[in-house]
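Residue numbering for the sequence shown follows the UniProt record's numbering, starting at 1 and increasing by one per position.
Cβ atoms here follow ideal geometry from the backbone N, Cα and C, with glycine treated the same way.
One structure below.
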Amino acid sequence: MIVISIRCNMTQPYLAIAQALYAEKGAQFSLADIAAKANVSRPTIYKHLGNKDKILSLLGADATNVEARIMQGVLAVAQAQGFKAATIEAIAEAAGVGPATIYRRFTDKDGLIKAFIKRQTPRDKMPDFPPEAEGDFAAQLAILTTHMLRFMSEHKVLVRLIFSGNEDDRSYLKALRDDSNSTYVKLTAFFQMHQAAGRISARADAAQLTTNLFGMIHAQAVIAPADRPLDISATSRSICQLFQSLTIGEHDA
Numbered sequence: 001m002i003v004i005s006i007r008c009n010m011t012q013p014y015l016a017i018a019q020a021l022y023a024e025k026g027a028q029f030s031l032a033d034i035a036a037k038a039n040v041s042r043p044t045i046y047k048h049l050g051n052k053d054k055i056l057s058l059l060g061a062d063a064t065n066v067e068a069r070i071m072q073g074v075l076a077v078a079q080a081q082g083f084k085a086a087t088i089e090a091i092a093e094a095a096g097v098g099p100a101t102i103y104r105r106f107t108d109k110d111g112l113i114k115a116f117i118k119r120q121t122p123r124d125k126m127p128d129f130p131p132e133a134e135g136d137f138a139a140q141l142a143i144l145t146t147h148m149l150r151f152m153s154e155h156k157v158l159v160r161l162i163f164s165g166n167e168d169d170r171s172y173l174k175a176l177r178d179d180s181n182s183t184y185v186k187l188t189a190f191f192q193m194h195q196a197a198g199r200i201s202a203r204a205d206a207a208q209l210t211t212n213l214f215g216m217i218h219a220q221a222v223i224a225p226a227d228r229p230l231d232i233s234a235t236s237r238s239i240c241q242l243f244q245s246l247t248i249g250e251h252d253a
């Protein structure tokens, strides 16, 4: 019992240092950073706190709260001023943190907005297809459409800002985004894959199909009247039915 008590007492200072480093650097801190601040070896930190994932888990809500507040601050200020006109100072005030906290974590405004785009867009959250949907264009399209309808309906403000904002904002965001891994590119590749496999007609351009799909989903999830509740399942079926003419059947063989 005494050994356990001593070990817990020794853990607390290291955890406090980790928390301070997280507030300064975000998730970019390392075990070596904690060791240097504590004037002990890295293995000592590992012995008492575990690996980085375990440390982040120990920090819990306090660790993620600051970054979440900053991202909410970005959205609030962008909604009022636009992304290009937004300043670090205004975002910090909206987030309830100091500007220095944002600079330490993200280096500059461009770094902050890039992190915001990465966290808020669905490109890294695209759904996996279950085994039973393997090679089934209609089933996979329904999964993707439902996923995007849900995302856009839950993030209407963000979607409006990105796709319907002023020209300066759209140009600014385009310069910051990594379009090589965008949702648009992934969806275009999805249509191209099924065209190459002969499952859907190759007469239509895959990029145009992606644009059409985006437009339908955006119209239903974001532009449609607010007083009309969105039935995601029914809307997904309706959109997918419009694409059924692409499917190659016996009459195309």
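- Residue range 42-49 is occupied by the alpha helix (DSSP H) that includes H48.
- Between the alpha carbons of A234 and Q244 lies a distance of about 15 Å.
- Counting C-beta atoms within 10 angstroms of its own C-beta, T87 has fewer than 16 neighbours from the protein chains shown and is therefore classed as exposed.
- In the structure shown, the three-state DSSP call for T210 is helix.
- Short of 6 Å from the beta carbon of H147, and not among the five residues preceding or following it, lie these beta carbons of its own chain, in chain order: P127.
- Rounded to whole angstroms, F190 and L158 show a C-alpha spacing of 25 Å.
- CA-CA distance, P229 to R160, rounds to 18 Å.
- Of all C-beta pairs linking the stretch 63-72 to the stretch 31-43, fewer than three are shorter than 8 Å, placing the two stretches out of contact.
- For the 8 Å CB-CB criterion, I200 and F129 do not form a contact.
- The beta carbons of A95 and I70 sit closer together than 8 Å.
- Within the same chain, and ignoring the five residues on either side of T145 in sequence, the residues whose Cβ sits closer than 8 Å to its Cβ are L213, I217, S236, I239, C240.
- Scanning the stretch 149-211 from its first residue to its last, the whole alpha helix (DSSP H) runs of 4-plus residues come out as 156-164, 167-176, 183-196.
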